[in-house]
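In the numbering used here, the protein residues as written are 1 to 227.
Even glycine gets a Cβ: it sits at the ideal position worked out from N, Cα and C.
All figures in this text were calculated on a predicted structure; none of them were measured in a lab.
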């Protein structure tokens with residue numbers, strides 16, 4: 001019940017600051033683009049949209065969320081409340097993952113991209129969680145939002161470029177071990193989707209462990225919340 005209340009609080013917080021409105025507009029724009037591009041391009045355009053935006057949303061926006069929580073003293077209230085670091089982390093996973101999943105499903109249905117619904121959904125959810133974990137680690141180690149944006153750029157490049165290459169078929173042996181490539185393979189329902197799914201789960205477990213340690217340090221006062 002405590003975690004559910006925390007989740008509802010995160011959803012209300014994101015709604016208050018326009019996350020749902022922004023992605024409602026983005027979804028409309030994505031659908032419009034998919035309807036006007038040539039049908040032969042639609043699969044690749046949709047796959048790139050899903051990988052680069054709703055799936056990576058957690059990485060891009062978690063810094064803003066942490067700093068907004070700091071400005072409203074929400075983070076400090078959570079720290080002194082009977083909430084565990086794991087509950088805090090899972091709440092961020094689910095609240096941001098719901099938005100990612102909704103947008104991705106709409107884009108996937110319009111583009112006819114979804115061949116294996118369960119696999120597609122797992123790819124979106126696990127990918128969104130992974131990016132959220134990475135973004136949260138960066139946010140907790142950035143004293144300002146500007147600093148977060150600067151440190152995010154090289155991470156985005158490392159994650160997005162190989163994944164973008166995979167969207168258009170530019171891969172080589174062992175490339176699937178890269179988390180971005182694994183996400184694309186799972187979402188696209190490729191021949192190596194099961195291997196990619198296990199690889200993605202492995203990356204998520206590792207990043208969740210590291211992120212939980214960072215959140216726990218912040219909760220215990222070992223890491224100063226960005227100011």
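Check                                                                                                                                              : Outcome
Taking the beta carbon of residue 179 as the centre, do at least 16 other beta carbons fall within 10 Å, making it buried, or is it exposed?       : buried
Apart from the five residues just before and just after residue 163, which ones in its own chain have a Cβ nearer than 7 angstroms to its Cβ?      : 51, 180, 181, 183, 184
Do you know how far the Cα of residue 138 is from the Cα of residue 83?                                                                            : 21 angstroms
Name the residue from 188, 25, 33 whose alpha carbon lies nearest to the alpha carbon of residue 114.                                              : 188
Suppose you measure from the CA of residue 12 to the CA of residue 40; what does that come to, to the nearest Å?                                   : 40 angstroms
Considering Cα atoms alone, identify which of 149, 105, 116, 15 is closest to residue 193.                                                         : 116
Would you identify the three-state DSSP class for residue 146, choosing helix, strand or coil?                                                     : helix
Got a sec, what are the start and stop residues for the alpha helix (DSSP H) residue 56 sits in?                                                   : Per DSSP, residue 56 belongs to no alpha helix (DSSP H) and is neither H nor E.
Is it true that the region 55-73 meets the region 143-159, where meeting means three or more beta-carbon pairs spaced less than 8 angstroms apart? : yes
Straight-line CA distance for residue 159 to residue 177?                                                                                          : 12 angstroms
Does DSSP classify residue 36 as helix, strand or coil?                                                                                            : helix
Using 8 angstroms as the threshold, is the region 91-99 in touch with the region 29-49, meaning 3 or more CB pairs across them?                    : no
Among 168, 101, 219, 213, which residue has its Cα nearest to the Cα of residue 55?                                                                : 101
Determine the direct distance from the alpha carbon of residue 36 to that of residue 191, and round the result to whole angstroms.                 : 29 angstroms
DSSP on residue 141, reduced to helix/strand/coil?                                                                                                 : coil
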